[in-house]
Amino acid sequence: MRSTSRLRAGLVALAAAVVFGAGAVGADEPAAPVALERARAEIARLPIAYAWAVDHKDADALVGLFASDGIYDLSAYGFPDVRGHAALRRFFLESVFPSERCSFSSISNVRIELDGTRATGADYFIHFGYGNPKLGADVRLHVEGQHFYEFRLEQGRWKIARMRGHPTFERSEKFAAANLRHCGGTGAENAAPTTPATERRTEMKLASWSDYVELLLPAGELTQLTFDPASEQLRADLYRQFLMNLSLGYFLYFQSTPEHPEWAPFLNSVFRLQPNPDDTYLLAPVTDDGIYRVTGERGSVRLLTFLTGRHMMGMSDEPGENFGYFDADELHLGPAGELDFIISATRPPGWNGDWLPLHAGSEFIMVRQRGYDWGNEREAALAIERVDAPPLKPRPTAAETDERMRALLGGFTSRLSRKWLEFQNAALRRGLVNQLEFSDMGGSAPPQKYWVGMFQLAPGEALILETEIPRRHRYWNVQLNDELWNAVEFVYRQSSLNGHQARLDSDGRFRAVIALDDPGVPNWLDPGGAEQGMLIGRWYQADSLPLPKLTKVPFGELRAHLPADTPVVTAAARAEQLRQRSIGAQLRRRW
Numbered sequence: 012m013r014s015t016s017r018l019r020a021g022l023v024a025l026a027a028a029v030v031f032g033a034g035a036v037g038a039d040e041p042a043a044p045v046a047l048e049r050a051r052a053e054i055a056r057l058p059i060a061y062a063w064a065v066d067h068k069d070a071d072a073l074v075g076l077f078a079s080d081g082i083y084d085l086s087a088y089g090f091p092d093v094r095g096h097a098a099l100r101r102f103f104l105e106s107v108f109p110s111e112r113c114s115f116s117s118i119s120n121v122r123i124e125l126d127g128t129r130a131t132g133a134d135y136f137i138h139f140g141y142g143n144p145k146l147g148a149d150v151r152l153h154v155e156g157q158h159f160y161e162f163r164l165e166q167g168r169w170k171i172a173r174m175r176g177h178p179t180f181e182r183s184e185k186f187a188a189a190n191l192r193h194c195g196g197t198g199a200e201n202a203a204p205t206t207p208a209t210e211r212r213t214e215m216k217l218a219s220w221s222d223y224v225e226l227l228l229p230a231g232e233l234t235q236l237t238f239d240p241a242s243e244q245l246r247a248d249l250y251r252q253f254l255m256n257l258s259l260g261y262f263l264y265f266q267s268t269p270e271h272p273e274w275a276p277f278l279n280s281v282f283r284l285q286p287n288p289d290d291t292y293l294l295a296p297v298t299d300d301g302i303y304r305v306t307g308e309r310g311s312v313r314l315l316t317f318l319t320g321r322h323m324m325g326m327s328d329e330p331g332e333n334f335g336y337f338d339a340d341e342l343h344l345g346p347a348g349e350l351d352f353i354i355s356a357t358r359p360p361g362w363n364g365d366w367l368p369l370h371a372g373s374e375f376i377m378v379r380q381r382g383y384d385w386g387n388e389r390e391a392a393l394a395i396e397r398v399d400a401p402p403l404k405p406r407p408t409a410a411e412t413d414e415r416m417r418a419l420l421g422g423f424t425s426r427l428s429r430k431w432l433e434f435q436n437a438a439l440r441r442g443l444v445n446q447l448e449f450s451d452m453g454g455s456a457p458p459q460k461y462w463v464g465m466f467q468l469a470p471g472e473a474l475i476l477e478t479e480i481p482r483r484h485r486y487w488n489v490q491l492n493d494e495l496w497n498a499v500e501f502v503y504r505q506s507s508l509n510g511h512q513a514r515l516d517s518d519g520r521f522r523a524v525i526a527l528d529d530p531g532v533p534n535w536l537d538p539g540g541a542e543q544g545m546l547i548g549r550w551y552q553a554d555s556l557p558l559p560k561l562t563k564v565p566f567g568e569l570r571a572h573l574p575a576d577t578p579v580v581t582a583a584a585r586a587e588q589l590r591q592r593s594i595g596a597q598l599r600r601r602w
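The numbering of the sequence shown is my numbering, which starts it at 12 and goes up by one.
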């Protein structure tokens, strides 16, 4: 169709926009000359790579140039907008590539304006397209017009955010098809690529290792968000946190794809930014048009839940959003706890088993296994598969590796730390020191209510945490985080307590002591040397929501502020308590 030919003319013409033109710099562009030149080079790379990919009919390379929600505004060509990677891929493969055997374009009058993390531009184009099967092998389509486009930074790299074309002149004309040798022949049979996509190589140049490592450098600026930027200890802890983020990020970016998912280890006793110590978390990437089957056994852990959502913390600048929350106990389990369910946008025809809805926009499924009696509960065993995808998992292309490395090194590693440092600083600005408040923590599980606050104490001081316990509840706990929002070491320290581990006093209330040294009480919450950090508690499916209180007292006078019958825990008893805790923690699944 002629409209399709005009569309492809516009697409290819845009590709050379920056190749032939010089940009006009916006007033708000980054001031540093080096940063400015890098931004220009990065933007210039997009149209160059785009032109090459369109000419070579390489959908993988094309899609990788767009932002995750990148848009083609095709209204001028009589088509609706195309949004997102999956839709763009289909559009190129089914509409653009088959419409012409080859094309040649020239671009002029390019204007680019930079504004921080975004850029806009416009150009004029002249395009010649050859061999549209609908028009004939000996017809050349000549289109002239203008493009408007937008770019933005996504996970540390410039991407095409929006493209819009305006053709102003069009004509078709006969040419001597026999003279067109560049395309390798004539006729409609050459309109679409004949080589399978899995056998074609992406024409791109992988950056040097040092270029990728350089993406990590801005993360060092986060030291300014810590409680004490001059502290060498905090700086060392922050560097370790970056390494932890990198390790976690490899699982999230490289282990699996929505087409071939696996449960990736998410938060646990190794990746401590910031798990509930009672939970082990698993994550699988999905797309909302996929059909996923989960099989396995529930085990005997206190809770096994599944959550769907998008914009997982650290993986996006957008706020996280949760869609569906499902409890395994609501499924039809087998006699030994066997489970088998499908999660998809609609129930598949002929499927009579358990089905859970996969909401529009979903990007992940997260599993929480919540233990109460560490080491004495049977962990869940789960597998996930996509039933509407080919069984063979392809080797990642160079373009895919490049994109994921940039996302991990230039985005996730620092973004995850920044999110929680800013969360703590906001609590500090509100004056929430040795006080507690209720919070949804940016999107908590529906049956769960958090209470949070910042603790501060010095050597020779203690904080007493005191609260009523809801009469009916399914679960509760309290934990300490350090100055960087990491969960304080909880395998070899008692930095958290849950309803099974805690001792209630004779009046039915829960009292715990936060202190740098062992106070010799059962419910010691050990901050691991941190004199300042965050305290987080949870009520789950509780019939009431009491708000605990914190009271600071001199460490030497602690017993005067506790019930008289509070037991004394000796050093030997504490050592055995910690030994049993460590064994129980290590017997839990973390990977």
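Even for Gly, the Cβ is constructed at its ideal location relative to N, Cα and C. Here the structure is a predicted model, which means the values were calculated and not measured.
Counting only runs of 3+ residues, the beta strand (DSSP E) found wholly inside the stretch 259-320 occupies 290-296, 303-308, in chain order. In this structure arginine 321 touches glutamate 374 by the C-beta definition: roughly 4 Å separates them, less than 8 Å. Rounded to the nearest angstrom, the gap between the Cα atoms of glutamine 235 and phenylalanine 253 is 15 Å. Within the stretch 363-415, the complete beta strand (DSSP E) segments of 3 residues or longer fall at 365-368, 375-381, 392-397, listed in chain order.
In the assembly as shown, serine 86 is an exposed residue. Its beta-carbon has fewer than 16 other beta-carbons within 10 Å.
With respect to leucine 468, glutamate 568 sits apart: the two C-beta atoms are not nearer than 8 Å. Closest in alpha carbon position to threonine 306, among Thr298, Phe317, Phe277, is Phe317. For lysine 430, the enclosing alpha helix (DSSP H) has its first and last residue at 424-440. Check the Cα spacing between phenylalanine 115 and each of Phe102, Gly142, Gly89: the tightest is with Gly142. Phenylalanine 162 is bridged by DSSP to Ala130, Ile171. Straight-line measurement puts the Cα of alanine 98 at about 13 Å from the Cα of glycine 372.
For glycine 95, no alpha helix (DSSP H) run applies, since DSSP gives it neither H nor E. Under DSSP, serine 183 forms a beta bridge with Leu152. Cα atoms of leucine 558 and tryptophan 462: separation of roughly 7 Å, rounded to the nearest angstrom. For aspartate 222, the uninterrupted alpha helix (DSSP H) segment begins and ends at 220-225. The Cβ atoms of alanine 133 and glutamine 157 lie closer than 8 Å to each other.
Of the candidates Tyr486, Asn436, Met452, Asn436 places its Cα closest to the Cα of methionine 465. Under the 10 Å beta carbon count, histidine 343 is surrounded by fewer than 16 other beta carbons and is classified as exposed. Taking a cut-off of 8 Å on C-beta distances, the stretch 518-532 touches the stretch 570-584, as three or more cross pairs fall below it. As a beta-bridge residue in DSSP terms, aspartate 338 pairs with Thr316.
Across the set Pro457, Trp431, Ala241, the C-alpha of Trp431 shows the shortest separation from the C-alpha of proline 330. In this structure alanine 275 touches leucine 263 by the C-beta definition: roughly 6 Å separates them, less than 8 Å.
Per DSSP, glycine 519 lies in no alpha helix (DSSP H) and is assigned neither H nor E. Glutamate 105 carries a helical assignment under DSSP once its states are collapsed to helix, strand and coil. Counting C-beta atoms within 10 angstroms of its own C-beta, arginine 549 has 16 or more neighbours from the protein chains shown and is therefore classed as buried.
Just so you know, the alpha carbons of isoleucine 480 and aspartate 516 end up roughly 11 Å apart.
With respect to lysine 560, glutamate 472 sits apart: the two C-beta atoms are not nearer than 8 Å. Distance from aspartate 80 to glycine 95 at the Cβ level is roughly 6 Å; contact confirmed, criterion being Cβ atoms closer than 8 Å. In the DSSP annotation of this structure, the continuous segment of the beta strand (DSSP E) that includes glutamate 472 starts and ends at 472-478. A direct Cα-to-Cα measurement between glutamate 448 and aspartate 554 gives close to 18 Å.
Closest in alpha carbon position to tyrosine 551, among Pro457, Asp537, Asp518, Arg112, is Pro457. Using a C-beta cut-off of 8 Å, the stretch 563-577 makes no contact with the stretch 499-507, since fewer than three inter-stretch Cβ pairs fall below that distance.
Rounded to whole angstroms, leucine 73 and phenylalanine 277 show a C-alpha spacing of 30 Å. Residue environment for aspartate 71: buried (at least 16 other C-beta atoms within 10 angstroms of its C-beta).
Boundaries of the beta strand (DSSP E) harbouring leucine 561: 560-565, taken from the DSSP string. Counting along the chain, the unbroken beta strand (DSSP E) around valine 489 starts and ends at 486-492.
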